[in-house]
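Before any comments, here is the structure.
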Amino acid sequence: MVRVTIDGQTIEVEPETTILEAARRLRIPIPTLCHHPALEPYGACRLCTVEITLGGRSQLVTSCNYPIRQEMEVQTASERVLKGRRMLAELLLARCPNVPQVQEVAASLGVSTVRFERGDEICHLCGLCVRVCEELIGQSAISFIGRGVDRQVGPPFVKFSDACIACGACAFVCPTGAIRLENITDKTPRPLLSEFDARLARRGNIYIPFPQAVPKVPVIDREHCLHFALGRCGACQFFCEAKAINYDQEDELLEVDVETIIVATGFDLMDPRIKPEFGYGVYPNVITGLEFERLSSASGPTAGKILINGKEPRDVVFIHCVGSRDPHTGVSYCSRICCMYTAKHAHLVRDKLPQARITVFYMDVRAFGKGYEEFYDRVKHERVVYRRGEPSEVYKKGDRLVVRAEDTLLRRTVEVEADLVVLATAVVPRGDAAAVAEVLGLQRTPDGFFQEAHPKYRPVESNRPKVFLAGCCQGPKDIPDTVAQAKAAAASAMAILAEAARSQDEFTGGTDAG
Amino acid sequence: MQVDVQQLMEKLDLFGCIQCGKCTGGCPLSLTTALNVRYLIYETLLDVLPDPGKMEELWDCTCCFTCVQRCPKDVKPAELIIGLRSQLVESGKIPGTVGDALMSIFRQGNPLGFAREDRAAWAEGLNIRPAQEGCETLLFTCCSSAYDVRSQPATRALVQALRAAGVEFGSLGTEESCCGNEVRRVGEAGLFEMLTEEGKPLLESTGARRIVTTSPHCFNTLKNEYNLSGIEVLHYTQLIARLLEEGRLPFSGRLEKTVTYHDPCFLGKQNHVFDEPRAVLQAIPGVRFVEMDRIRERSLCCEGGGGRMWFEGTNTEQRLAFQRVHEAAETGAEVLAVACPFCLAMLDDAVKVQGLSERLKVMDIMELVVQAL
Amino acid sequence: MRITEHATRNTYHTMEYVTMESKPRIGVYICHCGTNIAATVDVAAVVEFAKTLPGVVVARHYTYMCSEPGQALIKEDSKALGLNRVVVASCSPRMHEPTFRGAAERGGVNRYRLEMANIREQCSWVHRDRASATLKAKALVASAVAKAARLEPLEERQVGVTPGVVVIGGGIAGMIAALDVADAGFPAYLVEKSDRLGGRVADLYRTFPDLEPAGEWLEPLIERVQSHPNVTVLLNSLVTEVSGYVGNFEVKVSSSPNDHLEPGTLKPETRNPETIQAGAIIIATGYNPFDPHGKPEFGYGRYPQVVTTVEMERRLAAGDLAVEGKAPRDIAFIKCVGSRDVQLGHPYCSRVCCQVCAKQAQLLRKALPDARVTVFYMDVRTFGKRGEESFDEARRAGVRYQRGNVSEVYRRGERVVLRVEDTLLGRTLEHEADLVVLAVGMEPREDTGDIAALLKVPRSADGFFLEAHPKLGPVDTAMDGVFLAGCCQGPKDIPDTVAQAKAAASSALIPLIRGTVPVGSETAIVDPELCAGCGMCVQVCPFGAPSLDLLWGVSRVNAVLCKGCGACAVTCPSKAIRLQHFTPDQVLAQVEALVE
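See the structure below:
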């Protein structure tokens, strides 16, 4: 351990600790522009200059890359240091007068007048982008090119870089916004989209899925994480103070002996691109019911505001039965929940946008559950207009959309303009239902959901003894029916377990007390 | 004419409609005219209503309120028709005969074009106590009951019966004005307001605790729309039934007739008075009472209400009254008993036009009662 | 098993309880509930205000207090800062009081030293003005803090559970529930009013969507119930009295093999009154079909041509389809009779009728290939598994679906006429028919009120029994240990009934398998030194919790029966009874804090 005194405070640190690191441990502020804790120090901006005294001699050094020597004394804000820093700030301000970070540094040093010729650069050549691309990402797609006053950051020969993988780390780390990916590569960056937010919001490679996640810890997307893909980076591990990140974690294969299995694997929603006439994926203002849920959620991508392209819609149209009750899509069944959640969505729109015109196009309104018909009545009274007719197509008209349908009660084809169209997409078996069925030896009904032992009086038993079904994996259903069915599966499981306990008792001679 | 859809939407519960069609399905005019109230609701909701000034069928509605009775979402479809009529009235786009009737009410207190001073002519010689001097029971005579020669015998019969039962009553005489039930249903809200503003204090000033009406229309509006405080409003069948039960109306004679009864819409469907008129008829000694098929809540409207006494209708060939009198004749009844002066007029006409005069007579219940008193 | 409480001197003198050791150290947590609270109430301002309240050591706000990290805040603060009381200002305690009590307990704070301030249902959800809502929230928090400062640590007790479940109703819901209880090894007592099991399903001919004979699986099921060693079937029996509490119910059942029993009456000749001890009760009493006399415009009871779907089912089973001696040529179904009808007081949908009509219409087409079968509808709600497919099959079998709510039925010669507007044709029709089938809805049974009173279970606006939570608690009721199964909770078809019955069984099995149930401590206790033995508390208690000990001349409260309503505490002229967790000084402190 070596001892150092900084601004009168003494601390013992490991050898090779830099002055800057030591100062930070003492919470002594030293300004930096080109320093990044995860990157090797570069010493480009020189703002971190301090005055060291060792063995009687003083000199100015950059604290970011100067290691502590035993008995070194450091002054971080001596007059000599400050004079130097002020000159640096003035030079920086001259080069980049409109960059907020530079303005802040200058202001904190009391520098406002600039005696030099003013430039109008945004990049102050801190080199963070270059270094992150080299050290963490490992692609070295950009570097400093040119010399002296012509020095700039860019790809080799100022042509699009082949090495660039459009990860955006340079832009992320750049403090001034000078780096633009489109100047480095013609590859289009593909943002990672949050699955939970129905792909309406971005997420990183390491992310917490949603605020109510249990446990609320981040997960790493191994498919896209640079560390797993290219053996690079590792910044998250570096930054984690709890040292909680372990890249070597492997999938654990657990073998558990159980008496009974309950399958509760849920459902998926149909991709409405199967019905191209609705323009989903083509028009940004055609969305699915789930995407609407995320928009209206307070913890969603728009904090609960219904916004399309940043604007609140004036006319909203909901369409029932997109994909359901439709032999063309292979889903001839009713998805059971859409009529009610559409009514709920209509209500939410009315709640958030009191002046919006809301139309629901339907074939039937299946408000069958407890309190459902009454809710349907209530929603209609909130000035939501229900029109009978399954829309045939959606097309564009300027910025708006037009929904074309025959209103079968009016007996006329109508074209209703909308700013937002919400599709109630079909509930379908999960993509992995076939795999689950194979693993467990389960049969499926023609609609693809798991088959119950008898459609009437054995709704939770599967074809396989001791394997039970719960929830939407057996067929679409709402929450109360799911809860009841789940408890029903538990009841069947309880019977098995009780039987097992009893035979255990018999086997062991019933030695348990009570 | 431009419809003020906003006003209609605010006043009416059109959003509650699920377009089930129960209203139009039960509307007696929907088979014989172009009137389709469900469709009107939908058009209004979607703001694609065509010019109501060109919809003659709007005046076909009899305001029987079958649609209101049966709507599973309690939307009150007929109120839309009344609302549209209101707007037409304001623009002056109403059938001429309706306008004439309204003007007559305004001027002379009755729609029939008669002079006010002749209103009490039916009571000549009967020495009816003026209600203005105060009375317990006020007899309120419908304009038709007062002026129409076909109805006057029934009115006089009622007086006779009341006297026989020892009931003290009074009448407002020529001060009496139209109750305004039809006025409101025709959409003339302003005139209706005027009538109630004058009528209510007048009625209350008599000190009457009870009002007996000769017409279900007057009964309906006085009971439900006038807000008369502390006054029981009865249709005469209710009072007569009560008197019979109390034994205050003894019959001395017999009436050997087969009688059937037509439930008036404003008495039956709208105010649920079905049993008292039947009780009265069945109490008459000698009467053989038979029921038609379409009775009580399913009674077939005679097409007299909702201003239809002042408007011929778009379909004069297939009148509902024609169908009704045939239904009555088919029961084998000799008498078709009614409890409403409008029903009396419409069904009596129908009997004549349909050539059933030999088989069937249309008579008010009171006319039958007094024959056995 | 009865637990009685003596109030000792120590626990009674609350005033002296504020020792140094229990000087209040209160943590206050204001929840945003996403935007539910934070959009209307300035949570940061409430936190700052809370910090100024006496006894408050720490005050924070967080987006979702009920989430894991939210609860962790409570737990960690409690440990790190030595909190001994916790106040959470969030939603109604009915939502998360147990959650926060658990969090406090995990932090070492006695679970009864948690107090909640409802700044959601009672503040942010009912007010719009931010300033006044924030002010109100502050007042509510101050009130909660004032109470928290005076809360005593109470212990939760466990009582034993009688192994056994009483199931009221021997229809399919009751039978399935009883079987699951029995299969798990516990005795199930199936109390059935009539003389047979099977309920209304026994009257079915075939079931939708696959048109299978109902008896094929029903009969073996009944057989299984009757022969199961753990199931006791009591036919012709009625529950006449229920006392006790979860884990320890006493259910009195009267049986009368030959008499038809009416609810609320006990005939002198009823034999075998039995008292059954049970740990849980499942209500599976079913429904009544709507009586279409209530819709006179359809002519039911006047015209022999008009029948209900219930009657139709029996006719189909018997093959007796003739009307007035002839095979019907035109058959019409009228849906939603007695359902979706605001004026009738039945605004709800009866859920099964659309599928029943599709089924019966198809069966009629098969039985009478020359007959025209028309179904008149407002909506077609064939939502179940294979429901839509069966609707497709019905139409392909030649059943015509016409959209229109039939307005009335009248006679025309030997036939009847349906007056209906076909809303898709836009035309009113006089549809002639020989047979009219009314799809009658489900109604609560007439004895629902009696059972509700017996078991103290509330009902929803539609008259069916009320479940504890519309989404997450479909089988629980407001009474612990009493569960619902089947149509008595609301109309449903057979698979949903079976699932719900099994759900009720699994819920009932939980206390049975555990062997004990926790009993809350917000109960009344008597100070025997002050008690004069007047007995007024005994008279006033709706739950029979206090009783007079004649030997000592004082009242004792059964803490398990006591629901903490406080009626006795208010009534006692000697102020000998106080309600734990709602003592006078606690409540008065709350009031004072509110008005300051």
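Heads up: the sequence lines are chains A, B and C, in that order. Numbering of the first sequence is given in my numbering, commencing with residue 1 and proceeding in unit increments. Numbering of the second sequence is given in my numbering, commencing with residue 1001 and proceeding in unit increments. Numbering of the third sequence is given in my numbering, commencing with residue 2001 and proceeding in unit increments. All C-beta atoms in this analysis are idealised placements derived from N, C-alpha and C, irrespective of residue type, glycine included. All values reported here derive from a predicted model rather than from experimental measurement.
Report task. Buried or exposed for A:His328, please, with buried defined as at least 16 other CB atoms from any protein chain shown within 10 angstroms of its CB. Result -> Locating residue 328 of chain A in the first sequence gives position 328, counting from the first residue. It counts as exposed.
Query raised in the report: Any idea if C:Lys2267 is buried or exposed, counting beta-carbon neighbours within 10 angstroms, 16 or more meaning buried?
Result: The sequence position of residue 2267 of chain C within the third sequence is 267, counting from 1. With a pLDDT of only 47 at C:Lys2267, under the threshold of 50, the placement of this residue in the model should not be trusted; the figure read from the coordinates follows. Under this definition C:Lys2267 is an exposed residue.
Query raised in the report: Residues of chain B with a CB under 7 angstroms from the CB of C:Glu2414: which are they?
Result: Mapped onto the third sequence, residue 2414 of chain C falls at position 414. In chain order: nothing, as chain B lies at least about 12 angstroms away.
**Report entry** Where the stretch 352-386 of chain A meets chain B: residues whose CB sits under 7 angstroms from a CB there
**Finding:** Asp377, Lys380, His381, Arg383, Val385
Query - B:Glu1090 versus B:Glu1188: straight-line alpha-carbon distance, rounded - result: Within the second sequence, residue 1090 of chain B is the residue found at index 90, counting from 1. Within the second sequence, residue 1188 of chain B is the residue found at index 188, counting from 1. So the alpha carbons of these two residues sit roughly 8 angstroms apart.
Query raised in the report: Counting only beta-carbon atoms, is A:Leu348 nearer than 8 angstroms to chain B?
Result: One-based indexing of the first sequence puts residue 348 of chain A at position 348. By this cut-off, A:Leu348 is not an interface position.
Report task. Below 8 angstroms CB to CB, which residues in the same chain sit around B:Leu1368 once its five sequence neighbours on both sides are set aside? Result -> Stepping through the second sequence from its first residue, residue 1368 of chain B is reached at position 368. So the list reads Leu1255, Lys1257, Val1259, Leu1281, Ile1284, Val1287, Val1335, Ala1337, once near-sequence residues are dropped.
Query raised in the report: Should B:Leu1344 go down as buried or exposed, given a rule of 16 or more other Cβ atoms within 10 Å for buried?
Result: Residue mapping note: residue 1344 of chain B aligns to position 344 of the second sequence, counting from 1. With 16 or more Cβ atoms within 10 Å of its Cβ, B:Leu1344 is classed as buried.
Query raised in the report: Nearest CA to the CA of A:His36: which residue from A:Leu54, A:Val149, A:Ala235, A:Ser161?
Result: Within the first sequence, numbered from 1, the residue matching residue 36 of chain A stands at position 36. Closest by alpha carbon: A:Ala235.
Query raised in the report: So what's A:Val4 in DSSP terms, helix, strand or just coil?
Result: Indexing the first sequence from 1 puts residue 4 of chain A at position 4. A:Val4 falls in the strand class under three-state DSSP.
Report task. Run down chain B in chain order and give the residues with a C-beta less than 7 angstroms from the C-beta of A:Arg388. Result -> Looking up residue 388 of chain A in the first sequence gives position 388. What A:Arg388 touches in chain B: Gln1019.
Query raised in the report: From which residue to which residue does the beta strand (DSSP E) around A:Arg400 run?
Result: For this step, residue 400 of chain A is matched to residue 400 along the first sequence. Looking at the DSSP string, the run of the beta strand (DSSP E) that includes A:Arg400 is 400-407.
Requested in this report: Pick out whichever of A:Thr113, A:Ala264, A:Arg400, A:Gly154 has its Cα sitting closest to the Cα of A:Pro528.
Outcome: There is no way to answer for residue 528 of chain A, as the model of chain A reaches only from 1 to 514.
Report task. Return the chain-ordered list of same chain residues with a C-beta closer than 7 angstroms to the C-beta of C:Glu2324, the five sequence neighbours on each side being excluded. Result -> Position 324 of the third sequence, counted from the first residue, corresponds to residue 2324 of chain C. Pro2304, Glu2414, listed in sequence order.
Requested in this report: Would you verify that the beta carbon of C:Ala2601 is, or is not, closer than 8 angstroms to some beta carbon of chain A?
Outcome: Residue 2601 of chain C cannot be examined here, being either before or after the span of chain C that is shown, 2001 to 2596.
Report task. Can you check DSSP and say which residues form a bridge with C:Lys2326? Result -> Here residue 2326 of chain C is taken as the residue at index 326 of the third sequence, counted from 1. According to DSSP, which records beta bridges pairwise, C:Lys2326 is partnered with C:Val2323.
Query raised in the report: Based on the DSSP secondary-structure assignment, which residues constitute the bridge partners of A:His454?
Result: Numbered from its first residue, the first sequence carries residue 454 of chain A at position 454. Answer is A:Arg458.
Query raised in the report: Shorter than 8 angstroms from the beta carbon of C:Gly2533 to some beta carbon of chain B?
Result: For the purposes of this step, residue 2533 of chain C is taken as the residue at position 533 of the third sequence. So, not an interface residue.
Query raised in the report: Out of curiosity, what's the CA-to-CA distance linking A:Pro218 and A:Gln474?
Result: Start at 1 with the first residue of the first sequence, and residue 218 of chain A comes out as number 218. Start at 1 with the first residue of the first sequence, and residue 474 of chain A comes out as number 474. Computed Cα separation, rounded: 31 angstroms.
Report task. Given a cut-off of 8 angstroms, decide if C:Val2399 and C:Gln2355 are closer than it, judged by their beta-carbon atoms. Result -> Numbered from 1 along the third sequence, position 355 holds the residue referred to as residue 2355 of chain C. Numbered from 1 along the third sequence, position 399 holds the residue referred to as residue 2399 of chain C. Contact: no.
Report task. Mark C:His2346 as exposed unless 16 or more other C-beta atoms lie within 10 angstroms of its C-beta, in which case mark it buried. Result -> In the third sequence, counting from the first residue as 1, residue 2346 of chain C sits at position 346. It counts as buried.
Query - Any chain A beta carbon closer than 8 angstroms to B:Gly1016 - result: Position 16 of the second sequence, counting from 1, holds the residue named residue 1016 of chain B. Yes, B:Gly1016 counts as interfacial toward chain A.
Requested in this report: Please confirm whether B:Thr1237 and B:Phe1140 have their CB atoms less than 8 angstroms apart.
Outcome: The residue you call residue 1237 of chain B lines up with position 237 of the second sequence. The residue you call residue 1140 of chain B lines up with position 140 of the second sequence. The answer is no: Cβ separation not under 8 angstroms.
Query raised in the report: In chain B, what lies closer than 7 angstroms to C:Arg1967 by C-beta?
Result: The requested residue 1967 of chain C does not occur in the structure, where chain C is confined to residues 2001 to 2596.
Query raised in the report: Per DSSP, what kind of secondary structure is B:Thr1258 in: helix, strand or coil?
Result: Looking up residue 1258 of chain B in the second sequence gives position 258. Here B:Thr1258 sits in strand by DSSP.
Query - B:Ser981: contacting residues in chain C (beta-carbon distance under 7 angstroms) - result: Summary: the structure shown does not reach residue 981 of chain B, with chain B confined to residues 1001 through 1373, and so no result is reported for it.
Query raised in the report: Quick one: does C:Pro2292 have its CB under 8 angstroms from some CB of chain B?
Result: Locating residue 2292 of chain C in the third sequence gives position 292, where the first residue counts as 1. C:Pro2292 does not count as touching chain B.
Query raised in the report: What separation, rounded to the nearest whole angstrom, lies between the Cα atoms of A:Asp186 and A:His224?
Result: Within the first sequence, residue 186 of chain A is the residue found at index 186, counting from 1. Within the first sequence, residue 224 of chain A is the residue found at index 224, counting from 1. Taking the straight line from one Cα to the other gives about 20 angstroms.
Query raised in the report: Within the 8 angstroms Cβ cut-off, does B:Leu1008 reach chain A?
Result: Stepping through the second sequence from its first residue, residue 1008 of chain B is reached at position 8. No, its Cβ sits nowhere closer than 8 angstroms to a Cβ of chain A.
Report task. Counting only the same chain and skipping the five closest in sequence on each side, list residues whose C-beta sits under 8 angstroms from that of A:Ile208. Result -> Translated into the one-based positions of the first sequence, residue 208 of chain A becomes position 208. Hits under 8 angstroms: Lys216, Val217, Pro218, Val219.
Requested in this report: Using 7 angstroms as the cut-off, classify the Cβ of A:Val427 as near or not near the heavy atoms of the ligand NAP, replying yes or no.
Outcome: No copy of the ligand NAP appears in this structure; indeed no ligand is present at all.
Query raised in the report: Given that C:Asp2203 touches chain A, what residues does it touch there, using C-beta distances under 9 angstroms?
Result: In the third sequence, the residue the question calls residue 2203 of chain C occupies position 203. Chain A residues near C:Asp2203: none, gap ~15 angstroms exceeds 9 angstroms.
Query - Whole-number beta carbon distance between B:Ile1240 and B:Ala1161, since they are thought to touch under 8 angstroms - result: Start at 1 with the first residue of the second sequence, and residue 1161 of chain B comes out as number 161. Start at 1 with the first residue of the second sequence, and residue 1240 of chain B comes out as number 240. Confirmed, Cβ separation roughly 6 angstroms.
Query raised in the report: Using 8 angstroms as the threshold, is the stretch 2146-2153 of chain C in touch with the stretch 2501-2509 of chain C, meaning 3 or more CB pairs across them?
Result: no
Query raised in the report: Does the beta carbon of C:Val2342 come closer than 8 angstroms to any beta carbon on chain B?
Result: Position 342 of the third sequence, counted from the start, is the residue given in the question as residue 2342 of chain C. C:Val2342 counts as touching chain B.
Requested in this report: Report yes or no: is there a C-beta of chain B within less than 8 angstroms of the C-beta of C:Ser2350?
Outcome: Reading the third sequence from its first residue, position 350 is the one you call residue 2350 of chain C. Cβ-Cβ to chain B under 8 angstroms: no for C:Ser2350.
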